[in-house]
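Okay, so the sequence shown: first residue is 13 according to the numbering used here, each after it adds one.
Just so you know, even glycine gets a beta-carbon here, dropped at the ideal spot from N, CA and C.
Below: one structure, written as structure tokens.
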Amino acid sequence: MTVSTAASPATPAAILHDPTSELAPEMRPRRAAPPSLEGRVVALQGIGKQRSDEFLDHVKTRLEARGIATIRTDKPTNARRAPTGLLQRIATEADVVVQALAD
13 MTVSTAASPA
23 TPAAILHDPT
33 SELAPEMRPR
43 RAAPPSLEGR
53 VVALQGIGKQ
63 RSDEFLDHVK
73 TRLEARGIAT
83 IRTDKPTNAR
93 RAPTGLLQRI
103 ATEADVVVQA
113 LAD
């Protein structure tokens, strides 16, 4: 979300810009975590930021040492949403997602 300051006293002090371009974003409750990762596939998704691969490589090593299956995915850039095909792959192949964030 970006903030633009007003140009004159007649306008609001700040205008917030929603990066999703949604006029009425849908609010959904957070899903409950599974009781166990046993028998599940964990998708490890990088978002295109520096060093996220190091974090995800470490998580992958730790999960696989415990016998938990993983798949690795990466967004092409952090500046845009993940492509539909990538989201569909995660939805069909994985049960849980770990996403490497930054900043």
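For residue i, which option in the options has the closest C-alpha, if you only look at C-alpha atoms?
{"i": "Leu113", "options": "Met39, Arg42, Arg40, Phe67", "result": "Phe67"}
{"i": "Val53", "options": "Gly60, Arg93, Gly79", "result": "Gly79"}
{"i": "Gln62", "options": "Arg40, Arg42, Thr89, Glu38", "result": "Thr89"}
{"i": "Asp86", "options": "Thr104, Ser64, Glu76, Leu75", "result": "Ser64"}
Give every residue of the same chain whose Cβ lies closer than 6 Å to the Cβ of residue i, excluding the five residues on either side of it in the sequence, and list them in chain order.
{"i": "Arg84", "result": "Leu56"}
{"i": "Ala81", "result": "Val53"}
State buried or exposed for residue i, treating a residue as buried only when at least 16 other CB atoms are found within 10 Å of its CB.
{"i": "Ala44", "result": "exposed"}
{"i": "Ala94", "result": "buried"}
Only counting the same chain, and skipping five residues up and downstream in sequence, which positions put a Cβ closer than 7 Å to that of residue i?
{"i": "Ala91", "result": "none"}
Counting pairs of beta carbons, one from the segment 101 to 112 and one from the segment 39 to 59, are three or more of them closer than 8 Å? Because the criterion of three Cβ pairs below 8 Å is met, the segment 101 to 112 and the segment 39 to 59 touch.
Touching by the beta-carbon criterion (3+ pairs, under 8 Å), the segment 62 to 77 and the segment 93 to 106: No contact exists between the segment 62 to 77 and the segment 93 to 106.
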